[in-house]
Structures are given as structure tokens and as C-alpha cells.
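Q:
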Amino acid sequence: MKSQDFVMAGADERFIFLEDTLIMAEGEQHSELTRLFAPLMSRQAVAYYELQLVEPAIQDSIAEMTSTRGEDGKVRADVVPLIHAALTRISARVTGVDGVDSKQATERFRDMVLAVSAATTASYSSATNPGAIIQKGKDALQALADEWMQASLDRRIALAKQHKAGEIEAADLPRDVLMSLCLAEDLSRPDDDKRVPYVWRHCAQFLTGSIKTTSHMLPHAFVHIDEWIKEHPEDRPNLTDPEWLHRAIAEAFRLHQTTPARFRKATRDVELSTGRKVASGEMVAIHAPVANVEAFGEDGRYFNIHREVPKGKKAWGMTFGIGKHSCIGQNLVTGIMNKGDAKHGTHGTAVRLLKAMYELGAELDPDNPPQRPHDNLHDTWESVPVILHKA
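For the sequence shown, this note's numbering gives the first residue as 307, with consecutive numbering after it.
#1: Which residue marks the beginning of the beta strand (DSSP E) containing L694, and which one marks its end?
#2: Please decide whether P595 counts as near chain D, where near means a Cβ-Cβ distance under 8 Å.
#3: Excluding the 5 residues flanking T327 on each side, which residues of the same chain have their C-beta closer than 8 Å to its C-beta?
#4: Taking just the CA atoms, how far does Q468 sit from G603?
#5: Buried or exposed: where does Y608 fall if 16 or more other Cβ atoms within 10 Å of its Cβ makes it buried?
#6: Can you tell which of T374, R462, V419 has its C-alpha closest to the C-alpha of D404?
#7: Looking at the structure shown, is D384 part of a helix, part of a strand, or coil, going by DSSP?
#8: Report the residue ranges of all alpha helix (DSSP H) runs contained in full by the region 376-452; include only those spanning at least 4 residues, in chain order.
#9: If you run the structure through DSSP and keep just helix, strand and coil, what is Q310?
#10: Give me whichever residues DSSP pairs with K583 in a beta bridge.
#11: Hey, would you say L513 sits closer than 8 Å to T426, going by beta carbons?
#12: Give the DSSP-derived three-state secondary structure of R658 in the structure shown.
#13: Going by DSSP, name the residue or residues bridged to F569.
#14: Can you look up A490 in the DSSP assignment and give me helix, strand or coil?
#15: So F312 and R570 are supposed to be a Cβ contact under 8 Å. How far apart are they, rounded?
#16: Verify whether the separation of the beta carbon atoms of T652 and A353 is less than 8 Å.
#17: Please go through the same chain and pick out, in chain order, the residues whose beta-carbon is closer than 7 Å to the beta-carbon of E688, but skip the five residues on each side of it.
#18: Just to confirm before moving on: does the CB-CB distance between S516 and G635 stay below 8 Å?
#19: Taking the alpha carbon of G266 as the reference point, which residue from I611, N610, I628 has its own alpha carbon closest?
#20: Are P595 and P566 closer than 8 Å when you measure CB to CB?
#21: Quick check on L666: does DSSP put it in helix, strand or coil?
#22: Going by the CB atoms, is the gap between M371 and L388 shorter than 8 Å?
#23: Buried or exposed for G443, going by 16 or more other Cβ atoms inside 10 Å?
#24: Are E600 and G606 touching if we call contact CB-CB under 8 Å?
#25: Taking one C-beta from the region 658-670 and one from the region 528-544 each time, how about it: are there three or more such pairs within less than 8 Å?
#26: Closest by CA to I329, which one among L342, R341, S309, M314?
#27: So what's Q563 in DSSP terms, helix, strand or just coil?
#28: Mark N598 as exposed unless 16 or more other C-beta atoms lie within 10 angstroms of its C-beta, in which case mark it buried.
#29: Hey, how far is the Cα of R553 from the Cα of I531?
#30: With distances taken Cα to Cα, identify the nearest neighbour of H695 among R382, A317, L638.
#31: Please classify G316 as buried or exposed, where buried requires at least 16 neighbouring CB atoms within 10 angstroms.
#32: Can you name, in chain order, every residue of its own chain whose Cβ lies under 7 Å from the Cβ of A428, other than the five neighbours on each side?
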């Protein structure tokens, strides 16, 4: 993951939707993109997102989900669409997509983003024709452009021109991906008419990246915590403790990867520390779920909120990557463990979402157990029904 002798690789769909973006770029191009987007994920920016975007999005999504009650007077919800709704609004704002605010718009936008997300990992689908999933993703990305992103981009191009003319201060410009690309005048490539356009590939990366890891992990965290509380009832008062939730979330991140393998391609003949030889141009796969277990001791495959993290390791293992391709938005998701602060925006999206649910007395619905999807091979939940006893 850190070796200079390997570069990013993967199935064709990764390049269709993500080539030349931060997650796939190498060398000087990667350095330039890192410099361009790093300010969007600075400590100050992350605190702004958490306090001004994340918390309102969570509260709006919860309000919509809890607006109706059953005949027994109880509020029932599904963790999966609730998380998707909250994260969709956040991802739109970070990317620079305007107008994703109403329930109807959020649902439409979410469906399109999830289609793009599925397309970027189509090879892991159980479908007999992954190409159809890829085409659906292309169509969804074009729909996003037609319905939202092009108008949002046009507004930012106009703002960039005003800024260049001295008519508007940098501090008054939006803090998002599209604005950054406009200011850098880096919006196109010569072959855009033959493939997914360059600027939309950047949007695809940030839209799917902002949603995928968190929406994949949080349902797992909820199920794990429910099982943990049954075995450790003394921990029930900790359900709204941010630092306790940080540890629970880290374990869920460690145990549940968004993809089963990470691919790299050798740029020269290499002999690994194990003695295994890899030829130049050969692709290797790192089985991330296994790596995240083996490095954490004999009980590494078990969920343990009180786990002692091995020296030199992250509590979530390699879930957010290692080296230069580590997730740029990690702190927005995870917050800062042992330094969480609600006032200063260091809890992170994941903790805030779970805490909001548990403050409403969320518990798994005993009459509707969690359901796995039937159309892919991912380690994920399709539905996690809950009852909100305090809503």
C-alpha cells in the first residue's frame, strides 16, 4: 500500500468512473489534486461541515423518518435509508451540488448516487451481466449532471470569474469540490466527448466516497452494538457517550470493508518481504478484511469495544487506506478519537448519526430482523429496521 513500486489498479469500472481522480491518480497529478482538495478537509473545514452541514442534515433526515407513528404509537424507521438520506445531503454539499434539500430531491439524488456507487464496484455484483450495472451507473451520472450538477457547475464558473475580477472575496465562495476545480481552471480533458467527462468523474468520486464507507459500516455498527448490549448490559448507559461510540464505530470499520480486496499493479519486477516475486505489470490483490483481522491478535475477528489497539495501528485498520491514497475525508467520518468535542466539531459524521439514533431510544425491531441484499456479494445490510422508543 505504501510501496513506490506499485500503483493503483482494479477492474475496468474503476477507470471508467474514477480515472484521473484523487483516488486513482499517481505521481505529480496525485500531488496536484491533493494540494487542490486538501483545504476542503482541513481541521477548520471539517469542523464547519460537521457543525453546519452534518448536524442539520441528520436532524432533517430524522424528522422526516419519525413524522409518522404506527397503530401502537411507536415510531419505526430503517437505519439504512435514514443514513443514506443524511449522507446524501452531506455529500451533495461537499461536492458542490445545489438543490438537494427536499425529501423528494434527496431520494432521487440518493438513488442516482447509489447507482453510480454500485457501478464503480460492479465486478463484485452477483449479477450475470456487470456491464448492465456499469451502464446504469453511466446513465445515473448523466442524470445527476442534467438535473443538478451542470447548473451547480455553471454557477461556480460564474463565481470564479467574479472572484478573478476582484468582485468577490475567496472567503465568500462555496467550500466544495466543484468550486475548487473552477478556481483551478481544471474542468475538462480532450477526450471528454468519448467517455465520462473529467469533471463528473471527480464528482463521482466525492459523491460515492462521501456515502459508501459510512453507509456501509453504520448498519453493521448498529447490529454489533445491539448484540454487545445484550451480552454487556452494563454498557447500555454508554450508548450516547461519544467516545464509547467512537470505539464501537472503529471496530465496525475494521471488520467490514466496502470492497473485499484492494488492487495494485507493479511498476517494476519486485520481490516482496515474503520472498514472493511480482513481475512488472502484474496486478496483486490485498485481502483487506483478512489483513484487518490478522493484525489485531487471536480475537481479531470478533467485535470488541474495549479492544487494545496494537502499537502503530489505526483502530479501524486499513479501512481508510494507507499511504498517499488514504481517504482524504477520513476525519469527517471518524472524528478525532479521545478528543471528541460537540461544540468544536470533532465527533465525526458516524458518531453524530449513531448518537442521534440512540438519543431517540433506537433498538432493533424484534419483529423485523435486519436483511442482507440478494444482488451483490458485499458484506452489507440492505435493511435494518428499528423502533425509536423515545421519539
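Ideal placement from N, C-alpha and C gives every residue a C-beta, glycine not left out.
These numbers were taken from a predicted model, which means no experiment stands behind them.
A: Result, derived from the coordinates:
#1: In the DSSP assignment, L694 falls within the unbroken beta strand (DSSP E) covering 691-694.
#2: The displayed structure is made up of one protein chain only, and chain D is not part of it.
#3: Contacts found: L339, R507, H508, A510, Q511.
#4: If you take the alpha carbons of G603 and Q468, they lie about 57 Å apart.
#5: Y608 should be labelled exposed.
#6: The shortest C-alpha separation from D404 is found at R462.
#7: Secondary structure at D384: strand, using DSSP grouped into helix, strand and coil.
#8: Runs of the alpha helix (DSSP H) inside the region 376-452: 385-401, 409-426, 436-450.
#9: It is coil, neither helix nor strand.
#10: Beta-bridge pairing links K583 to E577.
#11: Contact flag unset, no.
#12: DSSP places R658 in helix when its eight states are reduced to three.
#13: Residue pairing of F569 in beta bridges, as defined by DSSP: A591.
#14: Coil, per DSSP.
#15: So it is a contact: roughly 4 Å between Cβ atoms.
#16: Yes, the pair counts as a contact, with Cβ atoms nearer than the cut-off.
#17: Cβ contact annotation for E688 (same chain, cutoff 7 Å, sequence separation greater than five): V386, Q677, R678, P679, in chain order.
#18: Yes, these two residues count as a Cβ contact at 8 Å.
#19: Missing from the structure shown is residue 266; the chain here goes from 307 to 697 and no further.
#20: Here P595 is near P566, since their CB atoms are less than 8 Å apart.
#21: In the structure shown, L666 sits in coil (DSSP, three-state: anything other than H, G, I, E or B).
#22: Less than 8 Å divides the Cβ of L388 from the Cβ of M371.
#23: So G443 counts as buried.
#24: In terms of Cβ geometry, E600 and G606 form a close pair [threshold 8 Å].
#25: Enough Cβ pairs lie closer than 8 Å, so yes.
#26: Considering only alpha carbons, the answer is M314.
#27: Q563: coil per DSSP, three-state reduction.
#28: A residue is called buried once 16 or more other Cβ atoms fall within 10 Å of its Cβ, and N598 is buried on that count.
#29: Cα-Cα distance, rounded: 11 Å.
#30: The option with the nearest alpha carbon to H695 is R382.
#31: Buried is the call here.
#32: Closer than 7 Å at Cβ, skipping near neighbours: E319, P436, I439, I440.
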